[in-house]
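Plus 800 on top of the position in the first sequence (first one is 1) and you've got the numbering used here.
Note that beta-carbon positions come from the ideal geometry of N, C-alpha and C, so glycine has one too.
If you're wondering where the values come from, they're calculated on a predicted model, not measured in any experiment.
In what follows, a single structure is set out as structure tokens and then discussed.
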Amino acid sequence: MSSVHNNIFSEIRQTVKQIPFGYVSTYGNVATALNLRDVRLVGWALHGNQDPSLPCHRVVKKDGHLASNYSLGGWQEQARRLQKEQVFFLKPNQVDLAKCFFDLTRVE
DNA sequence: AAAGTGACGCATT
DNA sequence: TAATGCGCCACTT
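Here it is as structure tokens:
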């Protein structure tokens, strides 16, 4: 990853930062909020992230399953962070979107 | 400079 | 129901 992003990547990060504590959003929802045609860009922007102010663990797949390739420690680490925020889980690797989904298209 | 690739998701076979 | 294809960005080689 490079230094400066006056591009979609910074937009993605801005959007992800709007997900409140205790809630999650999905890759697709972020993409829709930004009118992106390629959802993979969201994952790309978060891949290898080290910024603690960027809650990348709050982004999951559309059905609530955790990121299959979560960078730092795999989905188990992502699950640990979410449980710390008292997010509801249906299964060890799947959150309850019905209770914890935050729609980013509503706030933008 | 060009081609390959990816924390996904939807439509098509 | 499973498998495949595409998206068209940004980054890497």
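Residue i beta carbon near the ligand SAM (any heavy atom closer than 7 angstroms)
| i | result |
| --- | --- |
| E885 | As presented, the structure is devoid of all ligands, the ligand SAM included, so that no description of it is given. |
Helix, strand or coil at residue i according to DSSP, with G and I counted as helix
| i | result |
| --- | --- |
| K891 | strand |
| S868 | coil |
| F821 | coil |
| V859 | strand |
| F902 | coil |
Proximity below 8 angstroms, CB of residue i to CB of residue j
| i | j | result |
| --- | --- | --- |
| F888 | S825 | no |
| A833 | T905 | yes |
| V816 | V859 | yes |
| L882 | H857 | yes |
| Y827 | V839 | yes |
| D903 | N835 | no |
| E885 | F809 | no |
Residue environment, residue i, which counts as buried when at least 16 other CB atoms sit within 10 Å
| i | result |
| --- | --- |
| N807 | exposed |
| Q878 | buried |
| A845 | buried |
| A867 | buried |
| S802 | Only weak support is given to the placement of S802: the predicted model assigns it a pLDDT of 43, under 50, and the value that follows is read from those uncertain coordinates. Exposed, because fewer than 16 other Cβ atoms sit within 10 Å of the Cβ of S802. |
| G848 | exposed |
| E908 | exposed |
| Y855 | A small fix is needed here, since residue 855 is Pro in this sequence, not Tyr. Label assigned to P855: buried. |
Cβ shell of residue i (< 8 angstroms), same chain only, five flanking positions each side left out
| i | result |
| --- | --- |
| S853 | K817 |
Whole-Å CB distance - residue i paired with residue j, under 8 angstroms assumed
| i | j | result |
| --- | --- | --- |
| L841 | I812 | 7 angstroms |
Cβ shell of residue i (< 6 angstroms), same chain only, five flanking positions each side left out
| i | result |
| --- | --- |
| N869 | none |
Own chain partners of residue i with C-beta closer than 7 angstroms, once the 5 adjacent residues on each side are dropped
| i | result |
| --- | --- |
| V895 | V824, V860, G864, L882, V887, F888, F889 |
| K862 | T826, G828 |
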